[in-house]
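Colleague: I'd like to ask you about the structure that follows.
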Amino acid sequence: MGGQGTLADEIVMAGTGVFDVAYLQIGGGGMAAASSCWLKHFMPGIHIVGVEAEGQASMQAAIKKGAPVTLESLDIFSDGTAVQRTGDLTYPLCRDLIDEFITVSNQEISNAIRSFWNWRRQIVEPAGALGLAGLLSQKERLNGKRVLTVMCGANIDFSQLSVIAADAGIGGQMRHQLRFEISETGGSMLQLMRDVLYDCNIIEFQYGKVDPVRAFPVIGFDAPAEVRAQVIQRCEEQGIAVQDVSTEDDTRFRVIPHRVELFQRPLMLRYEFPERMGALHEFLSQIQDLANMCYFNYLYSGERVGRALIGLEFKTDAARTAMLQRLREHDVLRQRHHLLSEEVSARILFA
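Counting with this note's numbering, you get residues 2 to 352 for the letters of the sequence shown.
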């Protein structure tokens, strides 16, 4: 604790001023206990908020019980603070020195990591971003106050960044994934884009044909909460059932149900399109007279070009042949698609 407390000593010696509030992450409680002690000695009026991640809040469990307890399970997303039982020495100090305890979700932690990247172009590990996540969760009440938080540690597995990037939008209440119920008829998807999602930056599309009458596409977009509310209102006005599935497991793990026996003369292709608003709408417009979509798998990757695996179906053999001809002749379609062989298509469809 003495060593960890030197963080607070450096803050005091920096002379950056007296702070009104401090958000300190808690794992075992050593840094939070020592820093709280030092900060309160030099800034007696400071309000200390201890921040823990959901699924590993061992200090709050100890405060509630009146003594350290062992958690039955432990979430290790924020592995640097994943402590199943808070320390016997740190518990009484945190209890007496910390004024408030809060928890934040993994999505909120991811949003804090992204926010720090946007501000400083530096990556911090989940445990290091806990304090900032707590600050962002209470930012409305901090107007006019001088606020301190500790950002520490970059011990992160590179592969974890993809999970953090996906969760950051949800934690920041900017990424929304909605499941729509529309008619399983040609042109209905295009109409949804045109009438409901016309002002949305679509970053995800999950769809597989599962019913001959109804379609249930999941569409993700980045937008403020008020835009999400407007989308839902448009759906209500047009009688379209809609459900927020941003935190559903099947959406998060990209489980796209589909019934192959419902696909008529399917054609699978890999399609590339420019990452700009309206590009998907344009593609649907180019194919709607010949084909109906039976499968669509797309996720924004941060590149200038979006890549999607698309399944098309056709009412007649002639329509399928005409689409193949259009793919060969149409300048834009020819440049952006890669037709999967029948063998590969079958493997994808029947896997």
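Virtual Cβ for every residue (Gly too), placed ideally from N, Cα, C.
Bear in mind that the values here come from a model prediction, so they are computed numbers and not experimental data.
How is the beta strand (DSSP E) around Glu182 delimited, first residue to last?
Modeller: Glu182 -> beta strand (DSSP E) spans Arg176 to Ser184.
Colleague: Using 8 Å as the cut-off, can you tell me whether the region 19–33 makes contact with the region 142–156, which would need three or more C-beta pairs spanning the two stretches below that distance?
Modeller: Touching, per the Cβ criterion.
Colleague: Checking 8 Å against the spacing of the C-beta atoms, do Ala35 and Gln5 come in under that value?
Modeller: Yes, Cβ-Cβ distance for Ala35 and Gln5 is below 8 Å.
Colleague: Taking only the alpha-carbon atoms, compute the straight-line gap between Asp97 and Met194 and give it to the nearest angstrom.
Modeller: If you take the alpha carbons of Asp97 and Met194, they lie about 56 Å apart.
Colleague: For Asp168, would you say it is in contact with chain D, using Cβ-to-Cβ distances shorter than 8 Å as the test?
Modeller: Among the chains in the structure shown there is no chain D, since it carries only a single protein chain.
Colleague: Alpha carbon to alpha carbon, how far is Tyr299 from Val345? Give it in angstroms, no decimals.
Modeller: Here Val345 scores only 49 on pLDDT, less than 50, and its place in the model should not be relied on; the value that follows carries that caveat. Going by the C-alpha atoms only, they are around 18 Å apart.
Colleague: Any chance the region 277–287 sits against the region 194–206, with 3 or more Cβ pairs inside 8 Å?
Modeller: Output reads yes: the region 194–206 touches the region 277–287.
Colleague: Taking 8 Å as the limit between beta carbons, can you name the residues of its chain near Met324, skipping five residues before and five after?
Modeller: Answer for Met324: Leu268, Ile288, Leu291, Ala292, Leu313 and Phe315, listed in chain order.
Colleague: Could you work out which residue in Met294, Val306, Thr322 and Phe102 is closest to Leu191 when comparing CA atoms only?
Modeller: Of Met294, Val306, Thr322 and Phe102, the residue nearest in Cα terms is Met294.
Colleague: Quick check on Phe351: buried or exposed, where buried means 16 or more other Cβ atoms within 10 Å of its Cβ?
Modeller: Reliability of the predicted coordinates at Phe351 is poor, the pLDDT of 45 falling under 50, and the value obtained from them is presented with this limitation in mind. Exposed, since its Cβ has fewer than 16 Cβ neighbours within 10 Å.
Colleague: Taking the straight line between their C-alpha atoms, what separation do you get for Gly303 and Phe159?
Modeller: Computed Cα separation, rounded: 16 Å.
Colleague: If we ignore side chains and look at the alpha-carbon of each, how far apart do Ala347 and Asp223 end up?
Modeller: Note on Ala347: pLDDT 48, under 50, position unreliable in the model; the coordinate value appears next. Computed Cα separation, rounded: 34 Å.
Colleague: In whole angstroms, what is the alpha-carbon distance linking Leu285 and Thr322?
Modeller: In a straight line, the C-alpha of Leu285 is about 18 Å away from that of Thr322.
Colleague: So Gln244 and Arg180 are in contact, right, with Cβ under 8 Å, and what is the actual spacing, rounded?
Modeller: Correct: roughly 5 Å between the Cβ atoms.
Colleague: Taking the C-alpha atoms as reference points, what is the distance between Asp250 and Pro69?
Modeller: Their Cα atoms are separated by approximately 33 Å.
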